[in-house]
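Each position in the sequence shown, counted from 1, maps to that position plus 418 in this note's numbering. Take a look at the structure below.
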Amino acid sequence: MLRFAPSPTGDMHIGNLRVALFNYIVAKQKNEDLIIRIEDTDKERNIEGKDQEILNILDLFGIEYSQVMYQSQNVRFHTAMALQLIHEKKAFSCFCSSDWLDKKRDEAKNNKIAYRYDDACANLPAELVIDNMNPFTIRIKKPDETITIKDHIKGNVSFEPNEVDSFIIMRQDKTPTYNFACAVDDMLSDISLIIRGEDHMSNTPKQDHIRASLKYDKKIEYAHLPIILNDIGKKMSKRDDASSVKWLLEEGFLPSAIANYLILMGNKPPKEIFEIKEAIEWFSLDAISKSPARFDMDMLRHINKEHLKNLDAKELSRYVGFADGEIGELAKVYLEEASTTKELKTKIEPIFAQKIIPEEFMEQSKIMSETIRNAPYFEEYEDFKNYIMKESGLKGKNFFKPLRLLLTGAEHGPDVAEVYKYLKNYIGEIVK
Ligand code: GLU
């Protein structure tokens with residue numbers, strides 16, 4: 419079983435989508451199920467509706483899953499397991515106040531050493547614990563030995579017991595901490611491989627230690643994906659528009675192209691343009707580069723254009739807001755100068771809109787539109803052109819400029835003869 423575990427705390431980041439895609443592909447390859455676990459235990463950061471938005475994005479990208487679960491529904495298991503750990507003396511109640519811990523943290527900072535909990539409450543006598551009315555957290559005892567994580571991308575990564583520390587698993591308000599909830603849920607769901615972002619690497623020994631303390635001996639495999647950098651080499655954050663999947667979709671990038679690009683990043687695929695189902699045939703986590711991948715908008719635009727070319731005309735029509743297949747063919751002509759559906763719309767909508775004619779061609783346009791409105795239907799552009807030229811008496815620039823403006827709503831663009839092929843049935847609508 420694999421899992422994708424998003425937090426419903428903001429717009430879906432492309433890094434998360436990449437994680438979801440990789441989980442989906444590998445689940446298919448291993449013929450295992452993929453579950454979605456909405457990590458909603460941090461009530462303060464949850465945003466209403468984001469869970470559904472994430473699920474809609476997964477559906478849009480064709481990422482299939484067998485089940486959706488909400489982490490908050492497992493809190494009773496988290497509590498039960500924390501109590502079990504206390505009972506087995508693998509965890510302890512910690513009465514240190516936040517103020518006290520902050521003071522210790524500041525001291526460590528001033529002495530330029532990493533802060534570690536000093537295990538002050540690790541071995542309190544039972545009577546001090548039982549009669550103690552002060553608020554307490556539950557901490558798990560730090561491991562005795564080095565923990566080595568085998569990672570498909572990072573190789574072997576080791577952590578010393580001090581780095582893991584005796585950390586908090588249940589807060590004073592009796593809610594589980596992120597690491598505890600996550601570790602227990604992965605165990606309860608019988609997860610075989612965890613694919614996630616490398617920002618979680620430091621959590622991994624903690625989660626491993628939690629499961630080992632609960633005597634869970636199944637070895638979970640890991641793959642921590644390198645972060646995605648923006649064009650100036652900084653971690654792509656919310657401030658980078660392109661980090662938001664929603665933004666990319668609104669900008670007119672196709673799901674198949676976004677997926678293609680995210681799978682290609684930091685990878686060596688056998689071809690540049692592909693669909694997710696093809697990637698299932700050759701994808702390998704072990705081929706993913708260890709170093710951060712840099713987001714390249716030009717590359718994404720190139721891939722998007724190729725995916726737009728591969729759409730059938732009817733589908734492309736719908737993307738640019740028309741029902742008719744011919745507009746899709748026309749849109750393909752405009753792919754010469756557009757790479758997204760949004761850009762295609764800005765080329766195609768003016769064709770059907772009220773035309774804005776510059777002053778210098780006003781006169782000629784009036785004559786020409788009159789001629790076009792009264793013209794018979796012509797199958798071939800050459801015949802149409804010759805007829806309009808003859809009837810209007812316009813020539814050269816005075817003919818071609820207004821013709822392009824009246825037919826396409828723009829001064830420049832693809833060959834009018836090419837455009838005419840797909841517009842000839844709409845002339846009445848276009849030249850009003
Ligand atoms: N909820 C975490 C996140 O959105 C993912 C945790 C995990 O995959 O273990 O970053």
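Ideal Cβ placement from N, Cα and C applies to all residues, glycine included.
Within the same chain, Pro579 come within 7 Å of Asp562 by CB-CB distance, once the 5 residues on both sides are set aside. For the pair Lys664 and Asp429, the Cα-to-Cα distance works out to about 7 Å.
Here DSSP, grouped into helix, strand and coil, assigns Cys512 to strand. At a cut-off of 3 residues, the continuous stretches assigned as beta strand (DSSP E) that sit fully inside the region 609–682 are 611–615 and 639–643. Residues Arg421, Ala423, Met487, Gln489 and Asp603 of the same chain have their beta carbon placed closer than 7 Å to that of Arg455, with the five preceding and five following residues left out of the count.
In this structure, the CA atom of Ala601 is about 33 Å from the CA atom of Glu696.
Using a C-beta cut-off of 8 Å, the region 700–714 makes contact with the region 639–654, since at least three inter-stretch Cβ pairs fall below that distance. In the displayed model, Tyr838 falls within a helix according to three-state DSSP. Every beta strand (DSSP E) of 3 residues or more that sits fully in the region 547–582 is shown, in chain order, as 555–558, 565–569 and 573–577. Looking only at Leu501, His570 and Gln590, the smallest Cα-Cα distance to Ser515 is reached by Gln590. Across the set Ser674, Asn728 and His725, the C-alpha of Ser674 shows the shortest separation from the C-alpha of Leu439. Fully enclosed alpha helix (DSSP H) runs of no fewer than 4 residues occupy 432–448 of the region 429–463, in order along the chain. Looking only at Gly739, Ser655, Leu647 and Gly743, the smallest Cα-Cα distance to Arg712 is reached by Leu647.
Assigned with DSSP and collapsed to three states, Val602 falls in helix. Phe495 carries a helical assignment under DSSP once its states are collapsed to helix, strand and coil. In terms of Cβ geometry, Asn550 and Phe513 form a close pair [threshold 8 Å].
DSSP places Tyr533 outside both helix and strand once states are collapsed to three, so it counts as coil. The C-alpha of Asp635 lies about 8 Å from the C-alpha of Arg629.
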